[in-house]
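Protein chains in written order, with our numbering: chain B, 346 to 820; chain D, 24 to 247.
The beta carbon of each residue, even a glycine, is placed where N, CA and C say it ideally should be.
Data first, discussion second: the structure below is written as structure tokens.
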Amino acid sequence: MGVETIILTIALIGGFYMAWSIGANDVANAMGTSVGSGALTIRRAVIIAAFLEFAGAFFVGTHVSETIRKGIISPEVFASNTMLLVYGMIGALLAAAIWLQVASYFGWPVSTTHSIVGSVLGFGVVVGGWQAAEWGKVASIVASWVVSPLLSGTIAFLLFSTLRRLIYYNHDPIRAAKRVTPPLVFLVFYILTLAMLFKGLKNLKLHLDFAEASLYGLGVGAIAAAISHFLLKRIHPVEVKPRVKITQPAPVRKNLPRIIGMVEKTMHSAVGEVKTELARVLEDLRAIRLDVEEGVEVEQGSSEYKSVQRIFVYLQILSAGFVAFAHGANDVANAVGPLAAVISILKNGIVGAKSPVPVWILALGGLGIVIGLATWGWRVMITIGKKITELTPTRGFSAEFATAATIVLASKLGLPISTTHTLVGGVLGVGIARGISALNLRVITNIVISWIITIPAGAAGAILFFYILKGIFGG
Amino acid sequence: MSVLMNLFRKSPFTPLQTHMERVVKCVHRMQDLYDAHFKGDFDAVNQLAEEISELEHLADIAKNEIRNNLPRGLFLPVNRGDLLEILSLQDSIADKAEDVAILMTLKPLPQIDALKEEMKAFMLKNIQAVEKAHEIIREMDELLESAFGGTEAEKVIRMVEEVAFMEHEADIMQHKILKQLFSMEEELSYSSFYLWINILQTMASLANLAEKLANRVRMLLEVR
Numbered sequence: 346m347g348v349e350t351i352i353l354t355i356a357l358i359g360g361f362y363m364a365w366s367i368g369a370n371d372v373a374n375a376m377g378t379s380v381g382s383g384a385l386t387i388r389r390a391v392i393i394a395a396f397l398e399f400a401g402a403f404f405v406g407t408h409v410s411e412t413i414r415k416g417i418i419s420p421e422v423f424a425s426n427t428m429l430l431v432y433g434m435i436g437a438l439l440a441a442a443i444w445l446q447v448a449s450y451f452g453w454p455v456s457t458t459h460s461i462v463g464s465v466l467g468f469g470v471v472v473g474g475w476q477a478a479e480w481g482k483v484a485s486i487v488a489s490w491v492v493s494p495l496l497s498g499t500i501a502f503l504l505f506s507t508l509r510r511l512i513y514y515n516h517d518p519i520r521a522a523k524r525v526t527p528p529l530v531f532l533v534f535y536i537l538t539l540a541m542l543f544k545g546l547k548n549l550k551l552h553l554d555f556a557e558a559s560l561y562g563l564g565v566g567a568i569a570a571a572i573s574h575f576l577l578k579r580i581h582p583v584e585v586k587p588r589v590k591i592t593q594p595a596p597v598r599k600n601l602p603r604i605i606g607m608v609e610k611t612m613h614s615a616v617g618e619v620k621t622e623l624a625r626v627l628e629d630l631r632a633i634r635l636d637v638e639e640g641v642e643v644e645q646g647s648s649e650y651k652s653v654q655r656i657f658v659y660l661q662i663l664s665a666g667f668v669a670f671a672h673g674a675n676d677v678a679n680a681v682g683p684l685a686a687v688i689s690i691l692k693n694g695i696v697g698a699k700s701p702v703p704v705w706i707l708a709l710g711g712l713g714i715v716i717g718l719a720t721w722g723w724r725v726m727i728t729i730g731k732k733i734t735e736l737t738p739t740r741g742f743s744a745e746f747a748t749a750a751t752i753v754l755a756s757k758l759g760l761p762i763s764t765t766h767t768l769v770g771g772v773l774g775v776g777i778a779r780g781i782s783a784l785n786l787r788v789i790t791n792i793v794i795s796w797i798i799t800i801p802a803g804a805a806g807a808i809l810f811f812y813i814l815k816g817i818f819g820g
Numbered sequence: 024m025s026v027l028m029n030l031f032r033k034s035p036f037t038p039l040q041t042h043m044e045r046v047v048k049c050v051h052r053m054q055d056l057y058d059a060h061f062k063g064d065f066d067a068v069n070q071l072a073e074e075i076s077e078l079e080h081l082a083d084i085a086k087n088e089i090r091n092n093l094p095r096g097l098f099l100p101v102n103r104g105d106l107l108e109i110l111s112l113q114d115s116i117a118d119k120a121e122d123v124a125i126l127m128t129l130k131p132l133p134q135i136d137a138l139k140e141e142m143k144a145f146m147l148k149n150i151q152a153v154e155k156a157h158e159i160i161r162e163m164d165e166l167l168e169s170a171f172g173g174t175e176a177e178k179v180i181r182m183v184e185e186v187a188f189m190e191h192e193a194d195i196m197q198h199k200i201l202k203q204l205f206s207m208e209e210e211l212s213y214s215s216f217y218l219w220i221n222i223l224q225t226m227a228s229l230a231n232l233a234e235k236l237a238n239r240v241r242m243l244l245e246v247r
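Quick look at the structure:
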């Protein structure tokens, strides 16, 4: 009994740590863009994310957790010695967590999902043999990693193209934006409600079939759309001067010539590489001085487009929340799936094919994510928000909505996919619709490389930890 | 560094606008140069020509910065080649303004009073065409916002047509001035005559380049 308690404790710590690291690193991607576009303050972003991550994990987290618990490797193979599965699952948790830590230290684009799937699969194949893996399911998971960014990109492309046609091709963009908002609000709430209710509340003993859930969804969506319709009336067009001449404050104008003088002197006495570097700096400084002396005219953008963005700020908040929900639903499984397997074996002796993942474990995973967000994730959110200002609300909404819809669909199908990669797909979709001024395509190569590296790395780590645990506790 | 942060790169369109801003400064300085010439102040002409050279150099710095920050892996809403072409046309405008200035410093040119007003009007027409092209480049933010389509694109197309019309007007003015200049064979020395012809042709290329630039931008647009 004592040994089991120790093992359980290790599993709980491992699972909780995994959940924490998901909250600390991944959630920021969902909300960071909204912070960047100024739609949300960091405080509000954290609060909204915390609620919706938890809700997603709690209500929809079961499906993917089931996949990781018993979909990748079949528990029957380990029926003769269930403790092997316990060590393996704990090993997978620890390996994935450590691999993530290493990868994020070096800044590699590694996904939590891929690490855990690689770890579980690797341990299963090495210990249980080739037939231990559910290859059909594994194939569909791997396929979903390719399909999910493509799907999200397609949705984002279509959505942004449609918005562009409806709003920017219209002679009154503000009115057009106000007109498309309620249907979009409806869509978000409909999908959200459907995701939560349809096969979602099994844990709470509430069974709703698709038609019933859809009906509730229609109701909730309609109410939300109606509310948004009235709220929109309170948004007034912003007045912007088309061009503003910026004059620098007195200290800037006074100091700049002095700085230039000093750099000039320094340059003359410098030698070698530094001299050419200083000459370059000097030229830049002179260019700046010219701008300061003559004043720079800054294009403010038309007030119409500014107003459109103001309206979409609210939609982006909505879509960011939607992403948080979807993220919670899909990624909580990475922590909870292995943990649930361990706990059900320790309790019942075998991974029950019938009994679902206990609600309290999902709640624990959700809580871990929220704590990760509160203790570390908000910092990452600020960093991302500061860096990503290119994603204006219309673009942000399109990319985020596409991402969330894709993830919710995958979650319902029990497929563990990467939120970040799906979001990258969404952003690229908007980019293909000519919505973003400069994207770095090398990221795609990096993502593919990370897929290829993560699976063996996770597998190797899991096997290592498996043998360590087996050595310590005996099998 | 998160994947998402890595995905976004600095927009090349803001530096493109900065570059054009500096190019237009070069072109504007031409007015002072011309006024100095008709005041007969050759020192001021030299001085202003130097200033224009300096401004052109600053524009070049902005240009090189854009070229350095445009790696192949970049995905832009416009064709990379088109963007570089636009940049290169902007650059040529500054070059031509500098050329005019240098031509005027070659020797103290005789003032042709009969053509003073016409030439000034001709120069202003060329400057106006460049200014209009500058306005089009300034619309770039709005174009990005509307993803190069819609009513904003239609607005830009109207502006492009305006530039084309200015170029046409400039052509007509140039034709008239050249005719008069050729009729002055006796009064002008060969070198002065040759220099004036050159100056007029270089000036005329400003409107031509402005029109080309405007048409290049038009090719980025998506119109129903």
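Extent of the continuous alpha helix (DSSP H) run through residue i
| i | result |
| --- | --- |
| TRP444(B) | 427-451 |
| PRO100(D) | Segment: none, PRO100(D) is in no alpha helix (DSSP H) and carries neither H nor E. |
| LEU211(D) | Element bounds for LEU211(D): n/a, residue is neither H nor E. |
| ASN92(D) | That residue, ASN92(D), is in no alpha helix (DSSP H); it is neither H nor E in DSSP. |
| THR458(B) | 457-473 |
| VAL704(B) | 704-717 |
| ASP676(B) | 648-693 |
| PHE505(B) | 480-508 |
| GLY730(B) | 723-732 |
| THR412(B) | Segment: none, THR412(B) is in no alpha helix (DSSP H) and carries neither H nor E. |
| ASN374(B) | 372-381 |
| THR799(B) | 787-818 |
| VAL515(B) | Going by the sequence as given, residue 515(B) is Asn instead of Val. Where ASN515(B) is concerned, there is no enclosing alpha helix (DSSP H), given that its DSSP letter is neither H nor E. |
| LYS33(D) | Element bounds for LYS33(D): n/a, residue is neither H nor E. |
| MET196(D) | 173-205 |
Length of the line joining the Cα atoms of residue i and residue j
| i | j | result |
| --- | --- | --- |
| ARG579(B) | ALA778(B) | 31 Å |
| LEU553(B) | LEU542(B) | 7 Å |
| PHE657(B) | THR412(B) | 37 Å |
| LEU660(B) | PRO738(B) | 8 Å |
| PHE171(D) | GLU245(D) | 6 Å |
| LEU684(B) | SER763(B) | 20 Å |
| ILE794(B) | ALA805(B) | 17 Å |
| LYS48(D) | SER115(D) | 14 Å |
| ALA783(B) | ALA448(B) | 26 Å |
| ASP122(D) | ILE159(D) | 24 Å |
| GLY713(B) | TRP796(B) | 25 Å |
| GLN593(B) | LEU503(B) | 43 Å |
| ILE670(B) | LEU495(B) | For the record, residue 670(B) in the displayed sequence is Phe; it is not Ile. Each residue's Cα considered, the two are about 21 Å apart. |
| ALA665(B) | LEU627(B) | 44 Å |
| ILE808(B) | GLY467(B) | 7 Å |
| GLU349(B) | ILE568(B) | 51 Å |
| ILE512(B) | ILE792(B) | 34 Å |
| PRO94(D) | ARG103(D) | 10 Å |
| ALA36(D) | LEU243(D) | Looking at the sequence itself, residue 36(D) is Phe, so the reference to Ala does not match. Approximately 13 Å between the Cα atoms of the pair. |
| ARG161(D) | TYR57(D) | 27 Å |
| LEU430(B) | GLY741(B) | 42 Å |
| SER25(D) | THR386(B) | 20 Å |
Nearest-angstrom Cβ-Cβ length linking residue i and residue j, presumed shorter than 8 Å
| i | j | result |
| --- | --- | --- |
| HIS459(B) | THR799(B) | 4 Å |
| ASN92(D) | LYS33(D) | 7 Å |
| TYR432(B) | LYS815(B) | 5 Å |
| LYS148(D) | GLU192(D) | 6 Å |
| LYS119(D) | SER228(D) | 5 Å |
| HIS672(B) | VAL372(B) | 6 Å |
| GLU141(D) | ILE200(D) | 5 Å |
| ILE222(D) | LEU126(D) | 5 Å |
Whether or not the region 209-220 of chain D and the region 237-246 of chain D are in contact is what I'm after, with contact meaning three or more pairs of Cβ atoms, one per stretch, closer than 8 Å; do they touch? no
Using Cβ-Cβ distances below 7 Å, what residues of the region 441-474 of chain B are close to chain E? Looking at the structure shown, chain E is missing, and the protein chains on hand are B and D.
Would you call the region 521-533 of chain B and the region 564-583 of chain B touching, i.e. three or more CB-CB distances under 8 Å? yes
Mind the definition here: the region 347-357 of chain B touches the region 672-680 of chain B only if three or more C-beta pairs lie below 8 Å; say whether that holds. no
Uninterrupted alpha helix (DSSP H) stretches inside the region 730-767 of chain B (no shorter than 4 residues): 738-757
Does the region 464-481 of chain B come within contact of the region 36-54 of chain D, defined as at least 3 CB pairs closer than 8 Å? no
The region 704-724 of chain B touching the region 397-410 of chain B, judged by at least three CB pairs closer than 8 Å: yes
Every unbroken alpha helix (DSSP H) inside the region 557-623 of chain B [4 residues or more]: 595-614
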